[in-house]
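Structure record follows, encoded as structure tokens.
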Amino acid sequence: MINHKIFVKGLKSNLGVRSPTVSLAACFIALGALLKDAGFNLQQSTASSFFTYALPGQLVMAESLLIGTSLINIFIAVWLVNFRLYPMTVSLFPLLKHKSQPKWKYYLSSHFLAVSSWLVAKDGYRKIDKKYRIDYWIGIGVGTWSTAVLMTILGYILADYLNKDMMIGLAIVNPVYFFCMMIGAMRNISISIAVIGGTILGPIVYVYSTEWAILYAGLIAGTVAFLFGGKDGSK
Amino acid sequence: MDPNNIIIYAIIVTSLATFISRFFGAITSEKVSVKSKAFQWFNCVAYSTLAALLGRMIVFPAGVLADSSLIIRVVVLIICISVFMFSKKNLVIPTILSAMLLSFFNSI
């Protein structure tokens with residue numbers, strides 16, 4: 277059902293100097309501690325990372341609960357901040373497609389889609405036989421996802437020992453890691469325009485529309501990159 | 003409503019709002035070919051949306067990061083990206099360094 281050798285290869289890409297594990301650990305430890313402060317119990321904190329597994333959305337949820345936002349507003353805010361997962365899935369899954377593989381593998385493993393796993397998969401898929409790329413992806417995903425869940429638990433337990441400066445230190449790790457990964461991915465003009473344009477437009481649009489900023493900035497910068505970046509944008 | 007129930011509902015709502023983007027992404031992928039223009043566009047939009055989120059996280063952060071100053075965050079980011087470039091794209095050193103630098107700058 278799953279090619280074990282390839283699965284383990286994916287799992288192993290969570291180790292080593294290019295792996296997202298340190299960054300994931302840092303930000304989910306911070307999240308675990310933050311959820312405890314927001315009044316979650318251990319089971320609820322664990323469930324949040326288990327079922328949502330998308331840090332910005334979980335942060336939005338915790339903040340919305342603290343200020344007493346309605347559930348429908350939480351839904352919309354989380355959907356908007358996590359909408360990036362849609363284009364990210366569409367820009368990864370066609371690379372993993374193979375007609376011999378069952379559809380349920382793709383539907384279920386889409387839950388593993390997060391920035392960390394996506395960047396790792398984009399970095400490594402070329403080395404894997406097309407037929408088994410989905411198993412490689414499941415390997416990566418199981419690794420990143422279980423790291424996230426376990427570190428949320430650890431963060432919850434450590435919450436009382438983490439002071440504010442340490443929490444702030446942990447919180448910067450995630451954006452720094454992702455910025456480095458994205459800069460590493462800037463192999464051609466269109467991706468470079470997309471990354472630089474998005475970085476600049478994101479905060480600017482945010483001044484005008486807090487909720488829609490990421491969606492608008494992403495669509496504008498991405499379309500500009502597509503139109504002016506030449507024909508090599510698929511890498 | 004019991005606050006415990008509100009948290010459980012919030013977790014369900016957050017998970018659903020997140021999974022729909024992933025699931026519909028998987029559905030759309032069935033019809034998108036790697037060689038198509040649509041795929042290239044989605045790829046550009048994926049990178050720029052991610053970059054927009056990260057830009058926002060640095061300039062207008064949510065959570066504890068908001069308690070540090072913008073200048074410090076930007077300086078730490080620039081130092082760490084430079085370390086990344088000069089360390090043959092090692093990711094572990096700049097990420098660990100970023101936590102230490104920001105904790106240090108923020109405590110002085």
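Taken in sequence, the protein lines are chains C and S. Residue numbers are given in the working numbering: position 144 of the first sequence equals residue 420, and the series is strictly consecutive. Residue numbers are given in the working numbering: position 39 of the second sequence equals residue 41, and the series is strictly consecutive. Glycine included, C-beta positions come from ideal geometry on N, C-alpha and C. From a predicted model like this one, the values you see are computed outputs, not experimental measurements.
Same chain only: Cβ atoms within 6 angstroms of residue i, ignoring 5 sequence neighbours per side
i	result
H374/C	K406, K407
G286/C	Y412, G415, I416
V391/C	F454
M427/C	A301, F304, I305
N358/C	A330, G333
L395/C	M457
V425/C	S325, F326
Y401/C	L371, R409
K381/C	I410
F107/S	I74
7 angstroms CB neighbourhood of residue i in its chain, flanking five on each side removed
i	result
L434/C	I305, A309
A353/C	V336, S340, E487
A493/C	G474, L477, G478, V481
S468/C	M462
V293/C	none
S31/S	none
A338/C	L310, L311, A314
A397/C	L368, W413, I416
S100/S	V78, C82
V500/C	I469, G473
Through-space distance from residue j to residue i, alpha-carbon basis
i	j	result
S89/S	I83/S	10 angstroms
G65/S	I459/C	25 angstroms
L318/C	S299/C	22 angstroms
I430/C	I480/C	For the sequence presented, residue 430/C should be read as Leu rather than Ile. Their Cα atoms are separated by approximately 36 angstroms.
F326/C	F25/S	16 angstroms
V76/S	I60/S	7 angstroms
P96/S	F455/C	11 angstroms
T20/S	I80/S	31 angstroms
I98/S	V449/C	7 angstroms
S116/S	S376/C	There is simply no residue 116/S to check, as chain S begins at 3 and stops at 110 in what is shown.
G498/C	L438/C	39 angstroms
P5/S	T365/C	34 angstroms
Y11/S	V94/S	37 angstroms
M87/S	S17/S	36 angstroms
M56/S	K379/C	Correcting the residue type first, residue 56/S is Leu in the shown sequence and not Met. Going from the Cα of L56/S to the Cα of K379/C covers about 32 angstroms.
D313/C	I490/C	27 angstroms
I73/S	M102/S	16 angstroms
P451/C	S393/C	15 angstroms
N290/C	T423/C	9 angstroms
S35/S	I343/C	44 angstroms
I29/S	S109/S	48 angstroms
H516/C	K403/C	No answer is possible for residue 516/C: it lies beyond the span of chain C, which begins at 277 and ends at 511.
N45/S	L52/S	11 angstroms
S485/C	V284/C	43 angstroms
S321/C	Y432/C	8 angstroms
A54/S	M277/C	38 angstroms
I348/C	G445/C	32 angstroms
S295/C	N92/S	9 angstroms
K33/S	D436/C	49 angstroms
I282/C	A447/C	33 angstroms
F316/C	Y383/C	29 angstroms
Nearest-angstrom Cβ-Cβ length linking residue i and residue j, presumed shorter than 8 angstroms
i	j	result
S23/S	L361/C	4 angstroms
P363/C	V47/S	4 angstroms
S105/S	D441/C	5 angstroms
V471/C	S50/S	7 angstroms
I13/S	A323/C	6 angstroms
F502/C	W43/S	5 angstroms
V15/S	I350/C	5 angstroms
Residues near residue i by beta carbon distance below 8 angstroms, same chain, minus five either side
i	result
F388/C	Y329, W413, I414, I416, G417, V418, T420, W421
L67/S	M59, R75
S385/C	I410, W413, I414, G417
G506/C	N464, I465, S466
L514/C	With chain C covering only 277 through 511, there is no way to say anything about residue 514/C.
M443/C	A306, A309, L310
**Request:** Identify every run of the alpha helix (DSSP H) within the segment 425-483 of chain C, keeping only runs that are complete inside it and at least 4 residues long; order them along the chain.
**Result:** Within the segment 425-483 of chain C, complete alpha helix (DSSP H) segments of at least 4 residues are found at 440-461, given in chain order.
**Residues in the segment 61-84 of chain S having any Cβ partner in chain C nearer than 8 angstroms** = V61, F62, P63, A64, G65, V66, L67, D69, S70, R75, V78, L79, C82, I83
**Request:** Can you give me, in chain order, the residues of the segment 8-26 of chain S that have a beta carbon less than 9 angstroms from any beta carbon in chain C?
**Result:** Those would be I8, I9, I10, Y11, A12, I13, I14, V15, T16, S17, L18, A19, T20, F21, I22, S23, R24, F25, F26, in chain order.
**Asked** For the segment 33-54 of chain S, which residues have a beta carbon sitting closer than 7 angstroms to at least one beta carbon of chain C?
**Response** V34, S35, V36, F41, Q42, W43, F44, N45, C46, V47, A48, Y49, S50, T51, L52, A53, A54
**Message:** Extract the residue ranges of the alpha helix (DSSP H) inside the segment 334-383 of chain C, only unbroken runs of 4 or more that lie entirely within it.
**Reply:** 347-358, 361-366, 369-372
**Request:** Compile a chain-ordered list of the residues in the segment 424-443 of chain C whose CB is closer than 8 angstroms to at least one CB of chain S.
**Result:** Sequence-ordered contacts of the segment 424-443 of chain C with chain S read K440, D441, M442, M443 [C-beta pairs closer than 8 angstroms].
**Asked** Any residues in the segment 84-104 of chain S with a beta carbon nearer than 7 angstroms to a beta carbon of chain C? Which ones, in chain order?
**Response** F86, K91, N92, L93, V94, P96, T97, I98, S100, A101, M102, L104
**Asked** Which ranges does the alpha helix (DSSP H) cover as unbroken runs of at least 4 residues, wholly within the segment 17-77 of chain S, from first to last along the chain?
**Response** 39-61
**Prompt:** Which whole runs of the alpha helix (DSSP H) in the segment 281-330 of chain C are 4 residues long or more, in chain order?
**Reply:** 297-313, 318-327
**Message:** Any C-beta of chain S within less than 9 angstroms: which residues of the segment 356-379 of chain C qualify?
**Reply:** Residues of the segment 356-379 of chain C whose Cβ lies closer than 9 angstroms to any Cβ of chain S, in chain order: L356, V357, N358, F359, R360, L361, Y362, P363, M364, T365, V366, S367, L368, F369, P370, L371, L372, K373, K379.
**Interfacial residues, the segment 395-423 of chain C to chain S, with Cβ spacing under 7 angstroms** = Within the segment 395-423 of chain C, no residue has a Cβ lying closer than 7 angstroms to any Cβ of chain S.
**Prompt:** Just by C-beta distance, which residues in the segment 331-345 of chain C are closer than 8 angstroms to chain S?
**Reply:** P332, G333, Q334, L335, V336, M337, A338, E339, S340, L341
**Message:** Beta carbons nearer than 8 angstroms to chain S: which residues of the segment 445-459 of chain C have them?
**Reply:** G445, L446, A447, I448, V449, N450, P451, V452, Y453, F454, F455, C456, M457, M458, I459
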